[in-house]
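S.K.: Once you've had a glance at the structure underneath, I'll fire off some questions.
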Amino acid sequence: MSGRIRAGVETALARIAATQPALQAFQHVAADRALARADALDRADAPEGPLHGLPLALKDNIVARGIPTTAGSKILEGYQAPYDAAVVERLEAAGAVIVGTTRCDEFAMGSSTDNCAYGPAHNPWDLTRTPGGSSGGSAAAVAASLVPIALGSDTGGSIRQPASLCGVVGVKPTYGRVSRYGLMAFASSLDQIGPLTRTTREAAAVLEVISGHDARDSTSAQQPVPAFVAALTGDVRNVRIGVPRHLITNDVDEDVRAAFEAALAVAQSLGAEVRDVELPNADRGIAVYYLIATAEASANLARYDGVRYGHRAAGATSLPDLYERSRHDGFGAEVKRRIMLGTYVLSAGYYDAYYLKAQQVRTLIARDFARAFETVDVVALPTSPCAAFRLGERVDNPLQMYLADVYTVGANLAGLPGISVPCGFTTEGLPIGLQFIARPWDEATMLRTADAYEQATAWGERVPVAMAK
Amino acid sequence: MASTLEPKDVDRIATLARLTLTPDERLQFARQLNDVLRFVEQIRQVDTTGIAATSHPLAADAAWREDVPHTSLPNADALANAPDANREAGLFRVLKVIG
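So the sequence lines, in the order shown, correspond to chains A and B. Read in order, the letters of the first sequence correspond to residues 1295 to 1763 in the working numbering. Read in order, the letters of the second sequence correspond to residues 240 to 338 in the working numbering.
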């Protein structure tokens, strides 16, 4: 019994080291901390938790004591949080071993990891392509079998889209399901932590561990946590799947569209009922999202001022000058753009026209979902309109990058749970993801549907050849 | 009121946001922010008469808790990441603020 967990962690660390030059999935590898923790678990006589000894990676915007966290930003280079995130406490109590942090877009702002100040992560299916973002390193790490579990955060699709692009499972829980204590805030009314794993069953097990009320996050909900794993019965005969076909436009890649239709046929063959639903305001989601998320970001990122933590510029002549210089040096272009946009839409004379109007349309988007859920149990959509695109391809065109989130932002705006599961490959051999969105707090039905689909197919069992060695 | 940002507007926003921009960033951001603003104009077509604003999803119940004192972050931990601090006195140090 001695050393079994240590051996598993050593294997993970060796794989991470071997793949890091090409894949760049990790930002920081906490080898000593992980091995000490593994040894402690190997020695312990205590009962085993549900994640006993499993190596786990955190997105680089979730803090753990003793591990540097940068949120992909130069402004936080060298920062070490003096406390553990709520999810870290829960995962470690369940026996998980944190091996390090994964690359992400700066402050989770992006859909490709191109916006990481330390360089992007790469997609294990094609190293010239993006793993998606912003939790791209987490998705790449799971897809390349470096770790069985990674956490991400999802503000507009940042767990589901990289899961889709890397051929793994990613879950964004209901807003308020998982404590945000220890997650570096981007857009507080949208952010939610969730797992990326190889299977829905593993995601359900992790979700069960990290869910539940936490008084340190005032938006954490007082909701009972169902037994998510036990809910995976494989039976979807009573599940009604709604498909908003009016959203599947010509902008969707042909391979993605074909895989999506084939997935619906599989669900139908399992006994689920597939019917059309309307989400009349959903196509406004991107516009609403980029107004609300940037407004919230402009307020949240005001804290990075070179005073209490992070980069402080030299040569400042006054306190305001210190703020401006430190932020100028520390923030990358996309973060500056979003802070600027958010500041603008909140500024006098523009607030009503942009921010307030976006909040009203947000209400309509949420109502559309509520109405759809009167007749169906889950809504199905592609996760992303396209498979993994090339790194660097969209860097000069932020708006084009934003459009990649068209199918994912709705769940964040309405606070709903969403999952992406592998549902096929393009002719070029790149993974495609299928998304299910469910009612608030009904992750169980969403996970059951995804798991049944996964059991009936074998898409998630393929591994990227380049990484299989 | 389709608004177009001129570089001078970008300067004003940068000041509000406590950002300094390089001359290149100033021109590039004016163009890119205008692209985004043109795109988001579409929400004006949505009739929102009498529609309440959503500031938070699922925020029906306010979070109340008992007003019980509890331990907060120790002073030394709070100062641990400070670029400049007087650790003995337990203070962050900044440039002179008052005359």
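Every residue gets a Cβ at the ideal spot worked out from N, C-alpha and C, and that includes glycine. Here the structure is a predicted model, which means the values were calculated and not measured.
For the segment 1533–1549 of chain A, enumerate the residues whose C-beta is nearer than 8 Å to any C-beta of chain B, in chain order.
M.R.: none
S.K.: Write down the C-beta distance between LEU1440(A) and LEU1385(A) rounded to the nearest angstrom, noting that I regard them as a contact closer than 8 Å.
M.R.: Incorrect: roughly 17 Å between the Cβ atoms, too far for contact.
S.K.: Contact defined as beta carbons within less than 8 Å: I believe LEU1484(A) pairs with GLY1450(A). What is the distance between those atoms, to the nearest angstrom?
M.R.: 7 Å
S.K.: According to DSSP, simplified to helix, strand and coil, what is ALA1433(A)?
M.R.: helix
S.K.: Take MET1740(A) as the anchor and find which of ALA1379(A), SER1714(A), ASN1691(A), ALA1750(A) has the nearest alpha-carbon.
M.R.: Selection ALA1379(A), SER1714(A), ASN1691(A), ALA1750(A) evaluated against MET1740(A) yields SER1714(A) as nearest (Cα-Cα).
S.K.: Could you compute how far the alpha carbon of LEU1640(A) sits from the alpha carbon of ARG1309(A)?
M.R.: 46 Å
S.K.: Quick one: grab the DSSP three-state call for GLN1749(A).
M.R.: helix
S.K.: In or out: ARG1656(A) buried (at least 16 other Cβ within 10 Å) or exposed?
M.R.: When all chains shown are included, ARG1656(A) counts as buried.
S.K.: Could you name the residues of chain A that PRO322(B) contacts, counting a contact when the two beta carbons are closer than 7 Å?
M.R.: GLY1600, ARG1606
S.K.: Taking the alpha-carbon positions, what's the SER1458(A) to ALA1698(A) distance?
M.R.: 12 Å
S.K.: Relative to the C-alpha of ARG283(B), which candidate in ASN1575(A), MET1634(A), THR1743(A), ALA1664(A) has its C-alpha closest?
M.R.: ASN1575(A)
S.K.: When you compare only the Cα positions, how much space is there between GLY1360(A) and LEU1370(A)?
M.R.: CA-CA distance, GLY1360(A) to LEU1370(A), rounds to 15 Å.
S.K.: For ARG1733(A), which residues from the same chain have a beta carbon less than 6 Å from its beta carbon, with the 5 sequence-adjacent residues on both sides left out?
M.R.: Correct list, in chain order: PHE1667.
S.K.: Give the single residue among ARG1397(A), ARG1510(A), LEU1335(A) whose Cα lies nearest to the Cα of SER311(B).
M.R.: ARG1510(A)
S.K.: Quick one: does VAL307(B) have its CB under 7 Å from some CB of chain A?
M.R.: no
S.K.: Can you check whether the CB of ALA1591(A) is closer than 7 Å to the CB of ALA1481(A)?
M.R.: yes
S.K.: Which of the three DSSP states, helix, strand or coil, is assigned to ILE1369(A)?
M.R.: In the structure shown, ILE1369(A) sits in a helix (DSSP, three-state: H, G or I).
S.K.: Would you check if the distance between the CB atom of ARG1619(A) and the CB atom of ALA1610(A) is smaller than 7 Å?
M.R.: Judged by their CB atoms, ARG1619(A) and ALA1610(A) are nearer to each other than the 7 Å cut-off.
S.K.: What are the boundary residues of the beta strand (DSSP E) that PRO1489(A) is part of?
M.R.: 1487–1491
S.K.: What residues from chain B crowd round GLY1637(A), counting only those whose CB sits closer than 8 Å?
M.R.: For the sequence presented, residue 1637(A) should be read as Thr rather than Gly. Going along chain B in sequence order, the residues near THR1637(A) (Cβ under 8 Å) are ILE252, LEU255, ALA256.
S.K.: To which residues of the same chain is ALA324(B) closer than 8 Å at the C-beta, ignoring the five residues directly before and after it?
M.R.: Answer for ALA324(B): LEU318, LEU330, PHE331, ARG332, listed in chain order.
S.K.: For VAL249(B), count neighbouring Cβ atoms within 10 angstroms of its own Cβ and tell me buried if that reaches 16, exposed if not.
M.R.: buried
S.K.: Ordered along the chain, which non-local residues of its own chain (more than five positions away) have a Cβ less than 7 Å from that of LEU1477(A)?
M.R.: For LEU1477(A), where only same-chain residues beyond five positions count, the Cβ hits under 7 Å are ASN1355, ILE1356, ALA1379, SER1447, ASP1485, ILE1487.
S.K.: Counting contacts by CB-CB distance shorter than 7 Å, is ILE1633(A) in contact with chain B?
M.R.: Judged by the 7 Å Cβ criterion, ILE1633(A) is in contact with chain B.
S.K.: Residues of chain B with CB closer than 7 Å to the CB of VAL1673(A), please, in chain order.
M.R.: Within chain B, no residue comes near VAL1673(A); the closest Cβ sits about 16 Å away, beyond 7 Å.
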